[in-house]
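Note sheet for the following structure.
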Amino acid sequence: MITAIPGVPAADLSGADLLKAWPSMGQQLGAVHSLSVDQCPFERRLSRMFGRAVDVVSRNAVNPDFLPDEDKSTPQLDLLARVERELPVRLDQERTDMVVCHGDPACRTSWWTLKLFNARV
Numbered sequence: 064m065i066t067a068i069p070g071v072p073a074a075d076l077s078g079a080d081l082l083k084a085w086p087s088m089g090q091q092l093g094a095v096h097s098l099s100v101d102q103c104p105f106e107r108r109l110s111r112m113f114g115r116a117v118d119v120v121s122r123n124a125v126n127p128d129f130l131p132d133e134d135k136s137t138p139q140l141d142l143l144a145r146v147e148r149e150l151p152v153r154l155d156q157e158r159t160d161m162v163v164c165h166g167d168p169a170c171r172t173s174w175w176t177l178k179l180f181n182a183r184v
């Protein structure tokens, strides 16, 4: 299971330090992606996530703040139908190209231990 570790947000690094740390950050993200999918503790397969989408739409609980601007006025059932039309293609893609699930690796949300950072710089 991935847990929080002490560190500094990558967004707080100076430009020079971020450039030094960037190769290590890429290697660490690559290491997460290379973990065995079968052992991933997170369940985000499309079939399950589509089921969650059906549930959200059935409860009229779609939050438009999470939608792209062009979709905010689209009826929820139309959005769901669009996703459902793409589902067979996406399921085929999932079977051949699945990686371990992780959170957003953006600099604003990435934390790196000072020890790891110092060891890689």
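If you're matching positions, the sequence shown starts at 64 in this note's numbering and goes up one per residue.
Beta carbons are placed, not taken as given, at the ideal position from N, Cα and C, and that holds for glycine.
It should be emphasised that the depicted structure is a prediction, and the values quoted were computed from it without experimental measurement.
- Nearest to residue 153 by C-alpha distance, out of 93, 113, 102 and 70, is 113.
- Residues 135 of the same chain have their beta carbon placed closer than 6 Å to that of residue 127, with the five preceding and five following residues left out of the count.
- Here the C-alpha atom of residue 95 lies approximately 10 Å from the C-alpha atom of residue 103.
- Straight-line measurement puts the Cα of residue 159 at about 13 Å from the Cα of residue 101.
- Residue 71 sits in a strand when the DSSP states are folded into three classes.
- Taking 8 Å as the upper bound for CB-CB distance, residue 73 and residue 84 are in contact here, some 7 Å apart.
- Restricting attention to alpha helix (DSSP H) runs no shorter than 4 residues, the stretch 97-165 encloses them at 109-121 and 139-159, ordered along the chain.
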